[in-house]
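Peer 1:
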Amino acid sequence: MPPIRTGLDERMKSIQQELKEYFEEAQHVYADAIDAFTKLDSQVYSEAKAVRAKAREVNWDLTNNLLLILSLNQPLMKDLRIVATYLRAVDTVERLIRHARDIARSDRSIDENADELPDEIVQPVCDMHRSLNALIDITVECLTNGSEVPGDEVRALWSAVKASHAEAVTALSVLKSDAMGGKLARLEVINIVNRVDRSAYNIVRLNGMWHHALNNENIILD
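Counted the way my numbering counts, the sequence shown spans residues 10 to 231.
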């Protein structure tokens, strides 16, 4: 008797489209938060906070839809691995949005204490964000079109993130707190640097899980 697949393919396509839109929303709010960091614009926090609240609802809906797929069907092992990866993806996007909110909150604090930030800090953070965006684009392509993970490209982008992170950490160790608006603002800058790094790491790990879903083998990307 063949396994039951009640509308499985159609439901998976719907999930893929919802995931794509979820990722795009995360990229948008993240870009706004980083832009606010470069311009010391504290106004973006309210928007990021609202998106974060909405993300909880989207997270819940997507998770329920994925669990519904499992309850209505008898998915094959590969299907189960893909559904598990989609569940991880939902959580990863929610974390991206949470990180964007945290960055925007730090932006607000820095804006109260500093007129501008040194290029030695701003540039590495912007470079990290560009690499993060490229990683997200790859992830969306893989998860929504069933593509294989371009391992070498993911590794190169992750290496770029780590290099930019190291550059930012070096700058933070050299620059005086006064150059960033005081000790409190300095801590907020450190928070932003670490948040972008963690966001990229989560995306890299998600790519590793996707490779396992498709091929039933592990891959080292980080």
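Beta carbons are placed, not taken as given, at the ideal position from N, Cα and C, and that holds for glycine.
In this structure, how does DSSP classify K185 when only helix, strand and coil are distinguished?
Peer 2: Here the question's residue 185 lines up with position 176 in the sequence shown. Coil at K185, not helix or strand.
Peer 1: Please state whether the Cβ-Cβ distance between A40 and D116 is less than 8 Å.
Peer 2: Position 31 of the sequence shown holds residue 40. Position 107 of the sequence shown holds residue 116. In this structure, D116 does not lie closer than 8 Å to A40 by Cβ.
Peer 1: Let me check understanding here. Comparing Cα to Cα, which of N73, Y31, A113 and I106 lies closest to K48?
Peer 2: Your numbering for residue 48 matches position 39 in the sequence shown. When each option's Cα is compared against that of K48, the closest is A113.
Peer 1: In angstroms with no decimal places, state the Cα-to-Cα distance between I119 and A45.
Peer 2: Within the sequence shown, residue 119 is the residue found at index 110, counting from 1. Within the sequence shown, residue 45 is the residue found at index 36, counting from 1. If you take the alpha carbons of I119 and A45, they lie about 10 Å apart.
Peer 1: Would you say I256 and V92 are within 8 Å of each other, going by their C-beta atoms?
Peer 2: Look at the range of the chain in this structure, 10 to 231, and you will see that residue 256 is not part of it.
Peer 1: Between which two residues does the alpha helix (DSSP H) carrying V198 extend?
Peer 2: Here the question's residue 198 lines up with position 189 in the sequence shown. It spans K192 to N224 - the alpha helix (DSSP H) in which V198 sits, taken as one unbroken run.
Peer 1: On the three-state DSSP scale, how would you describe V158?
Peer 2: The residue given as residue 158 occupies position 149 in the sequence shown. Coil at V158, not helix or strand.
Peer 1: How is I229 classed by DSSP in three states: helix, strand or coil?
Peer 2: Numbered from its first residue, the sequence shown carries residue 229 at position 220. DSSP places I229 in coil when its eight states are reduced to three.
Peer 1: Going by the CB atoms, is the gap between V213 and V178 shorter than 8 Å?
Peer 2: Residue 178 sits at position 169 when you count from the first residue of the sequence shown. Residue 213 sits at position 204 when you count from the first residue of the sequence shown. No, they are not a contact pair.
Peer 1: Select from L75, V38, E33 and Q36 the residue whose C-alpha is nearest the C-alpha of E259.
Peer 2: This structure cannot settle anything about residue 259, because the visible part of the chain is limited to 10 through 231.
Peer 1: If I measure Cβ to Cβ from M10 and keep anything under 6 Å in the same chain, skipping five residues before and after, which residues do I get?
Peer 2: The residue labelled residue 10 in the question sits at position 1 within the sequence shown. Because M10 sits at a pLDDT of 46, beneath the cut-off of 50, its placement in the model cannot be relied upon, and the point is left open.
Peer 1: Quick one: residues in its chain with C-beta nearer than 7 Å to the C-beta of V149, no 5 flanking neighbours on either side, listed in chain order?
Peer 2: For the purposes of this step, residue 149 is taken as the residue at position 140 of the sequence shown. Counting only Cβ-Cβ distances below 7 Å, and skipping sequence neighbours, we find K29 and F32.
Peer 1: Using CA coordinates, which residue listed in I145, R139 and S186 is at the minimum distance from L215?
Peer 2: Stepping through the sequence shown from its first residue, residue 215 is reached at position 206. L215 has its Cα closest to that of I145, out of I145, R139 and S186.
Peer 1: DSSP three-state label for P127, please.
Peer 2: Position 118 of the sequence shown holds residue 127. Coil, per DSSP.
Peer 1: Let me confirm a value: E103 is counted as buried when at least 16 other C-beta atoms fall within 10 Å, else exposed. Which label applies?
Peer 2: In the sequence shown, counting from the first residue as 1, residue 103 sits at position 94. When all chains shown are included, E103 counts as buried.
Peer 1: Just the C-alpha distance for K192 and K185, rounded to the nearest angstrom, thanks.
Peer 2: Position 183 of the sequence shown, counting from 1, holds the residue named residue 192. Position 176 of the sequence shown, counting from 1, holds the residue named residue 185. Approximately 9 Å between the Cα atoms of the pair.
Peer 1: Within a Cβ cutoff of 7 Å, which residues of the same chain sit near G160, ignoring the five residues on either side of it in sequence?
Peer 2: Locating residue 160 in the sequence shown gives position 151, where the first residue counts as 1. Cβ within range, chain order: I228 and L230.
Peer 1: Hey, R97 and M218 are a contact pair by Cβ (cut 8 Å); roughly how many whole angstroms apart?
Peer 2: Against the sequence shown, residue 97 aligns to sequence position 88. Against the sequence shown, residue 218 aligns to sequence position 209. So it is a contact: roughly 6 Å between Cβ atoms.
Peer 1: Could you check whether A188 and P127 sit closer than 8 Å to each other, using their CB atoms as the reference points?
Peer 2: Counting from 1 along the sequence shown, the entry for residue 127 is found at position 118. Counting from 1 along the sequence shown, the entry for residue 188 is found at position 179. Result yes, Cβ atoms of P127 and A188 sit closer than 8 Å.
Peer 1: By DSSP, does M10 sit in helix, in strand, or in coil?
Peer 2: Within the sequence shown, residue 10 is the residue found at index 1, counting from 1. With a pLDDT of only 46 at M10, under the threshold of 50, the placement of this residue in the model should not be trusted; the figure read from the coordinates follows. Note: M10 maps to coil in three-state DSSP.
Peer 1: Compute the Euclidean distance between the alpha carbons of H129 and T101, then round it to the nearest angstrom.
Peer 2: Position 120 of the sequence shown holds residue 129. Position 92 of the sequence shown holds residue 101. Residue identity differs from the one stated: residue 129 is Glu in this sequence, not His. Their backbone Cα atoms lie some 29 Å apart in a straight line.
Peer 1: Would V71 pass as a contact of I24 if the rule is Cβ separation under 8 Å?
Peer 2: Along the sequence shown, read from residue 1 onward, the residue named residue 71 stands at position 62. Along the sequence shown, read from residue 1 onward, the residue named residue 24 stands at position 15. Note that residue 71 corresponds to Leu in the displayed sequence, not to Val. Taking 8 Å as the Cβ cut-off, L71 and I24 qualify as a contacting pair.
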